[in-house]
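Q: Can you read through this structure? Questions will come right after.
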Ligand SMILES: [Zn+2]
Ligand SMILES: [Zn+2]
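In this note's numbering, the protein residues as written are 19 to 239.
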């Protein structure tokens, strides 16, 4: 099975199975960050009483840890750091499945994967010193697709992490700079490399966080 199809299936389990609406009791295992859209385990940090564990459970309109009994009011995203309050709305739909279209998310993840593959193909040409005008043209096309994807991502529960997409944009911009450099067009090279440096400033740090991301997350990067 296609890995991305599989990924989306795991993110958006068949919505028919979600009806009738979720129980107001029971374990809460997975959660999707509304800001970066990335799924992760919902854990109780332990508060010095136990090591972090997937112990949170739904109890009416709130969540508590089934091990230490602490009432959990919020959750931190391990990827982007966003704080999400565990309101009844979030508890009813911890994966945000009701707020996103399965098909649209699938398309966006597939497009981002395609962008990654195309970039790899073109940049390996550039790496071997085979850069010509066609490399620049193709990189610019990929960059335009990537920017369009970023604009079209849902503001809540995006299919791909917007930070990862922005990182890719900065990366593509610098590759255009390198390609111009090898073509001897230093004026355009400087323009693109400066632009990449500006947009990529805090993206580098983000790349560090990325490597610590979950396996599910890696599928979208
Ligand atoms: Zn606990
Ligand atoms: Zn997040």
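Here a beta-carbon is modelled for each residue, glycine too, at the ideal position from N, C-alpha and C. In this text the structure is predicted, and so the values were computed from the model without any measurement.
In chain order, what residues place their C-beta within less than 6 angstroms of a heavy atom belonging to ligand 1?
A: Those residues are 62, 64, 68, 73, 83, 85, 86, 88, given in chain order.
Q: Of the choices 85, 42, 156, whose alpha-carbon is the least far from that of residue 107?
A: Checked all of 85, 42, 156; the closest Cα to residue 107 is 42.
Q: Would you give the residue range spanned by the beta strand (DSSP E) that residue 192 belongs to?
A: Careful: residue 192 lies outside any beta strand (DSSP E), inside the alpha helix (DSSP H) at 180–200.
Q: Just list the residues that DSSP pairs residue 58 with in beta bridges.
A: DSSP output for residue 58 lists 49 as bridge partner(s).
Q: Under 9 angstroms between the Cβ atoms of residue 102 and residue 161?
A: No. Outside cutoff.
Q: Say yes only if the C-beta of residue 56 is nearer than 8 angstroms to one or more non-hydrogen atoms of ligand 2, and no if none qualify.
A: Under cutoff, so the answer is yes.
Q: I need the straight-line Cα distance from residue 84 to residue 58, nearest angstrom please.
A: The alpha-carbon atoms of residue 84 and residue 58 are separated by roughly 19 angstroms.
Q: Please report the distance separating the alpha-carbon of residue 122 from that of residue 187.
A: Cα to Cα, the separation comes out at about 21 angstroms.
Q: Am I right that residue 61 and residue 72 are in contact with their C-beta atoms under 8 angstroms? What's the rounded C-beta distance?
A: Confirmed, Cβ separation roughly 5 angstroms.
Q: Taking just the CA atoms, how far does residue 177 sit from residue 200?
A: Computed Cα separation, rounded: 36 angstroms.
Q: So is the beta-carbon of residue 178 under 8 angstroms away from any non-hydrogen atom of ligand 2?
A: No, the Cβ of residue 178 stays beyond 8 angstroms of every heavy atom of ligand 2.
Q: Would you list the residues sitting across from residue 94 in a DSSP beta bridge?
A: Its beta-bridge partners are 101.
Q: Would you give the residue range spanned by the beta strand (DSSP E) that residue 80 belongs to?
A: Start and end: 80–83.
Q: For residue 138, would you say it is in contact with chain C, using Cβ-to-Cβ distances shorter than 9 angstroms as the test?
A: The displayed structure is made up of one protein chain only, and chain C is not part of it.
Q: What's the gap between the Cα of residue 190 and the Cα of residue 157?
A: So the alpha carbons of these two residues sit roughly 7 angstroms apart.
Q: State the CB to CB distance for the pair residue 164 and residue 100, rounded to an integer number of angstroms; the pair is presumed to be in contact (CB under 8 angstroms).
A: Going by Cβ atoms, the distance from residue 164 to residue 100 rounds to 23 angstroms, so no, they are not a contact pair.
Q: Among the residues of its own chain, which have a CB less than 8 angstroms from the CB of residue 92, if the five just before and after it don't count?
A: Result list for residue 92: 101, 102, 103, 104, in chain order.
Q: Taking the straight line between their C-alpha atoms, what separation do you get for residue 149 and residue 138?
A: Going by the C-alpha atoms only, they are around 14 angstroms apart.
Q: Classify residue 174 as helix, strand or coil using the three-state DSSP reduction.
A: Note: residue 174 maps to coil in three-state DSSP.
Q: Tell me whether residue 164, by its Cβ, gets closer than 8 angstroms to a heavy atom of ligand 2.
A: For ligand 2, not one heavy atom lies less than 8 angstroms from the Cβ of residue 164.
Q: If residue 98 and residue 181 are in contact, beta carbons under 8 angstroms, what's the gap, nearest whole angstrom?
A: Their Cβ separation, rounded to whole angstroms, is 6 angstroms, which keeps residue 98 and residue 181 in contact under 8 angstroms.
Q: Just confirm the distance between the C-beta atoms of residue 75 and residue 45, as a whole number of angstroms; I'd bet it's less than 8 angstroms.
A: About 5 angstroms separates the two Cβ atoms, so the contact holds.
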